[in-house]
Structures are given as C-alpha cells and as structure tokens.
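Taking it in order: structure first as structure tokens, then the write-up.
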Amino acid sequence: GAWEQNGLAATLMSYTSSTTEQLTGVAYAGQTNQPIIRIKIVTSGTLTPLALTSLTLNGNGITSISDIVSPVKIFYTGSSTVFSTFIPSGTSTPSIGSYTAAAFSTTLQQGDNYFWLTYDINTLAPTGHNIDAECTSMIVSGSTKTPGVTAPAGNKQIVGAMSGNYDVGS
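Number 122 in the numbering used here belongs to position 121 of the sequence shown; there are no gaps in the numbering.
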C-alpha cells in the first residue's frame, strides 16, 4: 500500500479544487461592497503555500453595466464563510465581458479559502435590474485553474434604494 505519514509530517501544499458559488437575495441601489459571488479554493498540505494571483471574471447576467460603480473589489475571508471586508485582495474594472482582477497575491491556507467578488451598486440603479458575475479561471502560483462551477445559477435583484442614502442636492 501507500506510505502513510503519522499525521505530524507536513506536506507540500497542492491545489485540490475550486468552485464559484452564487450569492442570492437582494441588492440595493447605493449599496457598497455588495457580495455577488464567492470563489472557494480548496488546498491540501501546508509547506510552500500557494498563492492566488489572478481571477478571470465576467458580468454575464448583469442587466446594465452602468448599474455597477468601478471598481469590482475582491475580499478574502480565509476559511470563514461569513463575508468581511477586513482583507482586501484585489480590484478590477467591471464589464459584461471578461475582465481580470490581477496584480494581487493572497497566500492560501490549508483547506477551504473563500474569496468574495463585490460590487458597489450605482445610486441610480433601477429596481428590477439583475446583478451577477461569473469566475471562469484563476491563476494559483503560476498555474491556470478552472473552477468546477464557473457560472452558478441565480443572481441578485435590485429592489430599491438604500434608506437614508439620498443626496438631496440643492
């Protein structure tokens, strides 16, 4: 059989899998850091940790790109499935077609790693418009990987403006 470790010996980190998870529910015009999709990257081993350096994304499913205020932001929450803006990981200019969030490097930990793509929603975004995103590939320590799911079903729908967020002007 295979040689087994005693559980104490560390092994080189390796990429196991990745997937794109849809975050459903509602969005509000004027809302900042609205999570749209969550990218889950699974690794094993702890030695020579891998790093995520690029995400290839697109805005397929968005009703109108003018509903999104630049830039798209990526946040990292480690193994936590609870969204937080504590660790920013990258930014990019959103578009309906393919765009890349690059020029960042986030060291991965053993097990589950969660990255969140967020949009700032335009204060003038109309009720009923859909907000969506897909992750079609990523670069993990120089190697291009394709998530098992790139375009999960569902989206978020704008349901109105955030209360108390109006600029009355003059």
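By construction, the Cβ of each residue, glycine as well, lies at the ideal position given by its N, Cα and C atoms.
Just so you know, these numbers come straight off a predicted model, no measurement behind them.
Worksheet entry | Beta-carbon gap between residue 73 and residue 13 smaller than 8 Å | Taking 8 Å as the cut-off, the Cβ atoms of residue 73 and residue 13 do not count as close.
Discussion item. Helix, strand or coil for residue 156? Go by DSSP, reduced to three states.
Written reply: In the three-state DSSP reduction, residue 156 falls in the coil class, being neither helix nor strand.
Practice prompt. Flag this pair as yes or no: are the beta carbons of residue 129 and residue 95 separated by less than 8 Å?
Written response: Residue 129 places its beta carbon 8 Å or farther from that of residue 95.
Worksheet entry | Straight-line Cα distance separating residue 75 from residue 92 | Residue 92 and residue 75 have their C-alpha atoms some 6 Å from each other.
Worksheet item: By Cβ distance, which residues of its chain are closer than 6 Å to residue 137, with the 5 residues on each side in sequence left out?
Response: 57, 151, listed in sequence order.
Worksheet item: If you compare alpha carbons, which of 62, 40, 153 is closest to residue 55?
Response: Among 62, 40, 153, the Cα nearest to that of residue 55 belongs to 40.
Worksheet item: What runs of the beta strand (DSSP E), each 3 residues or longer, lie entirely inside the stretch 93-167?
Response: Fully contained in the stretch 93-167 are the following beta strand (DSSP E) runs of length 3 or more, in chain order: 100-102, 112-122, 135-141, 144-146, 157-162.
Worksheet item: Where residue 132 and residue 114 are concerned, what is the direct C-alpha to C-alpha distance, given to the nearest angstrom?
Response: Going by the C-alpha atoms only, they are around 24 Å apart.
Worksheet item: How many Å lie between residue 157 and residue 79 at the Cα?
Response: Just so you know, the alpha carbons of residue 157 and residue 79 end up roughly 24 Å apart.
Worksheet item: At what residues does the beta strand (DSSP E) containing residue 70 begin and finish?
Response: Element bounds for residue 70: 69-77.
Worksheet item: From 153, 112, 102, pick the residue whose C-alpha is nearest to that of residue 140; which is it?
Response: Just measuring C-alpha positions, the residue of 153, 112, 102 sitting nearest residue 140 is 102.
Discussion item. Let's see if you can read the secondary structure: which residues bound the beta strand (DSSP E) around residue 61?
Written reply: Counting along the chain, residue 61 falls outside any beta strand (DSSP E), and DSSP gives it neither H nor E.
Worksheet item: Tell me which same chain residues have a C-beta within less than 7 Å of the C-beta of residue 20, skipping the five on either side of it?
Response: Counting only Cβ-Cβ distances below 7 Å, and skipping sequence neighbours, we find 41, 148, 149, 150.
Worksheet entry | Sheet register partners of residue 27 (DSSP bridge) | Note: residue 27 sits in a beta bridge opposite 158.
Fill in: Own chain, CB closer than 6 Å to residue 34, minus 5 neighbours either side, in chain order
Taken in chain order, the residues that qualify are 86, 119.
Item to complete: Given a cut-off of 8 Å, decide if residue 31 and residue 162 are closer than it, judged by their beta-carbon atoms.
Response: If you check the CB distance, residue 162 and residue 31 come in under 8 Å.
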